[in-house]
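Q:
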Amino acid sequence: DAGVTQSPTHLIKTRGQHVTLRCSPISGHKSVSWYQQVLGQGPQFIFQYYEKEERGRGNFPDRFSARQFPNYSSELNVNALLLGDSALYLCASSLGVLGGGALDSNQPQHFGDGTRLSIL
Amino acid sequence: AQSVSQHNHHVILSEAASLELGCNYSYGGTVNLFWYVQYPGQHLQLLLKYFSGDPLVKGIKGFEAEFIKSKFSFNLRKPSVQWSDTAEYFCAVKWKNGGSQGNLIFGKGTKLSVKP
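Those protein sequence lines, which keep their order, are chains A and B. Per the numbering used here, the first sequence runs over residues 1 to 120. Per the numbering used here, the second sequence runs over residues 1001 to 1116.
(1) With DSSP collapsed to three states, give me the class of G56(A).
(2) For N1103(B), decide whether its Cβ has a neighbour in chain A, counting only Cβ atoms nearer than 7 angstroms.
(3) Would you be able to state if there are at least three C-beta pairs under 8 angstroms between the stretch 1019–1031 of chain B and the stretch 30–50 of chain A?
(4) Looking at the secondary structure, which residues open and close the beta strand (DSSP E) in which F47(A) lies?
(5) Name the chain A residues whose beta carbon is nearer than 9 angstroms to that of L1046(B)?
(6) With 8 angstroms as the C-beta to C-beta threshold (strictly closer), list the residues of the stretch 1025–1058 of chain B near chain A in chain order.
(7) Could you give the first and the last residue of the continuous beta strand (DSSP E) run that contains R67(A)?
(8) So what's D26(A) in DSSP terms, helix, strand or just coil?
(9) For a contact defined as C-beta to C-beta under 8 angstroms, what are the partners of F1090(B) on chain A?
(10) With a threshold of 6 angstroms on Cβ separation, who are the neighbours of R1077(B) within its own chain once the five nearest residues in sequence on each side are excluded?
(11) Below 7 angstroms between beta carbons: does that hold for L90(A) and P43(A)?
(12) Which word fits R63(A), buried or exposed, when buried means at least 16 other C-beta atoms lie within 10 angstroms of its C-beta?
(13) Name the one or two DSSP bridge partners that F1106(B) has.
(14) How many whole angstroms separate the CB atoms of E1015(B) and V1114(B), which I take to be in contact at a CB cut-off of 8 angstroms?
(15) Using a Cβ cut-off of 8 angstroms, pull out every chain B residue sitting near G114(A), in sequence order please.
(16) Along chain A, which residues have their Cβ under 8 angstroms away from the Cβ of K1108(B)?
(17) Taking DSSP's pairing of strands, which residues face H1010(B) in a bridge?
(18) Check the Cβ-Cβ distances between G16(A) and every residue of chain B, and say whether any is below 7 angstroms.
(19) Let me know if D1054(B) comes out buried or exposed under the rule of 16 or more other beta-carbons within 10 Å of its beta-carbon.
(20) So, do the stretch 7–20 of chain A and the stretch 1067–1075 of chain B have three or more beta carbon pairs nearer to each other than 8 angstroms?
(21) Does G56(A) have its Cβ less than 7 angstroms from a Cβ in chain B?
(22) Could you have a look at S118(A) and say whether DSSP puts it in helix, strand or coil?
(23) Relative to chain B, which residues along the stretch 7–33 of chain A have a C-beta separation below 7 angstroms, given in chain order?
(24) For S1003(B), name the three-state secondary structure that DSSP assigns.
(25) Please report how far the alpha carbon of S65(A) lies from the alpha carbon of V78(A), in whole angstroms.
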């Protein structure tokens, strides 16, 4: 089975531009999360989506947005790029079983290879 | 604020040496605990996880970790490392309640270099 796939692999942009990153989850997984990994740091949570709805948001500015499509794939959009947005952007998927109104946290997340974004 | 600390930035060992990587999280509550590994050029892979029950969990490739609730710790161990264990190791915590919305909070990672 294919794992989590992300595109593109690498991207170079300049300050002020916008970027769209794409993620396809593992087949059968309904929840997608996005993380930013700056060099030398651990991944930092940006968004989680489940069934096309935002279920969680990390401490990132409004320049960051995301959405999930009916086929459970997802896009991360970043506007007005800054030098500090240079990072590896990771997508993770999980089954996302919903119980009692909350996502089942006993579902491990499976990560893609990431998109390396460089801002010049 | 919820945070995860990994004590060592870079660990260098010779093959067959024993390994212990420290991980502490900021405060209690109900948590799920994970160790992920990232081999050079590869994506993050789940090494092991703890949800409940026996605090000593065994993962893939001979790794194990022990959850000590009173110390808010989840240290990773391996009795005898191999050159192929060279990688970066991340501890991650998921709080079931609280501001992280149940998503993973990662430590900064520990680079392990194993000398042949």
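Yeah, the Cβ is synthetic: ideal placement off N, Cα and C, and Gly gets one too. These figures come from a predicted structure and were not determined experimentally.
A: According to the structure shown:
(1) Within the first sequence, the letter at position 56 stands for residue 56(A). Residue state, collapsed to three classes: strand.
(2) Position 103 of the second sequence holds residue 1103(B). Yes, N1103(B) lies at the interface with chain A (some Cβ there is under 7 angstroms from its Cβ).
(3) no
(4) Reading the first sequence from its first residue, position 47 is the one you call residue 47(A). It spans 44–50 - the beta strand (DSSP E) in which F47(A) sits, taken as one unbroken run.
(5) For the purposes of this step, residue 1046(B) is identified with residue 46 of the second sequence, where counting begins at 1. P108, Q109, H110, F111, listed in chain order.
(6) N1032, F1034, Y1036, Q1042, H1043, L1044, Q1045, L1046, K1049, F1051
(7) Taking the first residue of the first sequence as position 1, residue 67(A) is located at position 67. It spans 64–68 - the beta strand (DSSP E) in which R67(A) sits, taken as one unbroken run.
(8) Counting from one through the first sequence, the residue named residue 26(A) turns up at place 26. It is worth fixing the name first, because residue 26(A) is Ile in this sequence and not Asp. Coil.
(9) Taking the second sequence and counting its residues from 1, one reaches residue 1090(B) at position 90. Neighbours of F1090(B) on chain A, chain order: G42, P43.
(10) Residue mapping note: residue 1077(B) aligns to position 77 of the second sequence, counting from 1. Cβ neighbours of R1077(B) beyond the five flanking positions: E1020, E1064.
(11) Indexing the first sequence from 1 puts residue 90(A) at position 90. Indexing the first sequence from 1 puts residue 43(A) at position 43. In contact: L90(A) and P43(A) (Cβ atoms closer than 7 angstroms).
(12) Your numbering for residue 63(A) matches position 63 in the first sequence. It is exposed - the Cβ of R63(A) has fewer than 16 other Cβ atoms within 10 Å.
(13) Start at 1 with the first residue of the second sequence, and residue 1106(B) comes out as number 106. Beta-bridge pairing links F1106(B) to A1092(B).
(14) Working through the second sequence from its first residue, we reach residue 1015(B) at position 15. Working through the second sequence from its first residue, we reach residue 1114(B) at position 114. Indeed, because the Cβ distance is near 6 angstroms, the residues count as touching under 8 angstroms.
(15) By one-based count along the first sequence, residue 114(A) stands at place 114. Simply H1043.
(16) Within the second sequence, residue 1108(B) is the residue found at index 108, counting from 1. Simply G40, Q41, G42.
(17) Walking along the second sequence from the start, residue 1010(B) turns up at place 10. The partner list for H1010(B) (beta bridge, DSSP) reads K1111(B).
(18) Locating residue 16(A) in the first sequence gives position 16, counting from the first residue. It does not: the Cβ of G16(A) has no partner Cβ on chain B nearer than 7 angstroms.
(19) The count along the second sequence starts at 1 and reaches residue 1054(B) at position 54. So D1054(B) counts as exposed.
(20) no
(21) Within the first sequence, numbered from 1, the residue matching residue 56(A) stands at position 56. Output row for G56(A): interface = yes.
(22) Your numbering for residue 118(A) matches position 118 in the first sequence. Correct three-state label for S118(A): strand.
(23) S33
(24) Against the second sequence, residue 1003(B) aligns to sequence position 3. Coil.
(25) As a position in the first sequence, residue 65(A) is number 65, starting the count at 1. As a position in the first sequence, residue 78(A) is number 78, starting the count at 1. So the two alpha carbons sit approximately 6 angstroms from each other.
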